[in-house]
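A.B. asks: I have a structure I would like to understand better, so I am pasting it below and will then ask my questions one at a time.
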Amino acid sequence: MKHSEAFLSLLQHRFQGDGVYLLDEPEAALSPQRQLSVLTLINRLVYHQSQLVIATHSPILLSYPNARIYLFFDEGTSEMKYTDTECYDHQGFPQPPRANAGTVDFG
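Structure below.
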């Protein structure tokens with residue numbers, strides 16, 4: 021089983037609702053398509069009252085609707101909008117999915 025398949029299986033079968041999960045750069049072994057799959061799985065976990073803390077450089081994962089994004093630096097932390105992050109590409113990266121009444125529209 022590939023690393024990306026193992027990680028997706030972990031998210032699907034071991035992570036349950038009402039949990040707290042810490043993930044460090046989960047995009048490392050994931051293609052952009054797999055990262056989109058992770059967004060769907062994250063949405064399911066959030067719907068079932070889970071909280072996730074994710075350290076990432078992925079513009080795809082950062083685009084999760086209503087995510088609270090923090091920048092960590094030597095002097096402290098700062099909350100920022102997705103469009104203010106360094107990895108946001110103003111020249112062509114897709115806009116973040118739209119949140120509608122508790123659901124996420126990925127299309």
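All residue numbers for the sequence shown refer to my numbering, where the first residue is 21 and numbers rise by one.
Think of the CB as a built atom: it goes at the ideal place given N, C-alpha and C, for glycine as much as any other residue.
Keep in mind the model is a prediction, meaning the values are calculated, not measured.
1. Determine, using beta carbons only, whether proline 46 and threonine 76 come nearer to each other than 9 Å.
2. Does alanine 75 have its Cβ less than 9 Å from a Cβ in chain C?
3. Taking the alpha-carbon positions, what's the glutamine 32 to glycine 96 distance?
4. Runs of 4 residues minimum, wholly inside the stretch 62-90: which ones carry the alpha helix (DSSP H) assignment?
5. Comparing alpha-carbon positions, which option in Leu61, Gln55, Ala48 lies nearest tyrosine 41?
C.D. replies: With the structure as the only source:
1. Working through the sequence shown from its first residue, we reach residue 46 at position 26. Working through the sequence shown from its first residue, we reach residue 76 at position 56. Against a cut-off of 9 Å, the Cβ pair of threonine 76 and proline 46 comes out as a contact.
2. Protein chains in the displayed structure number just one, and chain C is not present.
3. For the purposes of this step, residue 32 is taken as the residue at position 12 of the sequence shown. For the purposes of this step, residue 96 is taken as the residue at position 76 of the sequence shown. Taking the straight line joining both Cα atoms gives about 34 Å.
4. Assignment of alpha helix (DSSP H) within the stretch 62-90, counting only whole runs of 4 or more residues, yields 79-82 in chain order.
5. Position 21 of the sequence shown, counted from the first residue, corresponds to residue 41. Considering only alpha carbons, the answer is Leu61.
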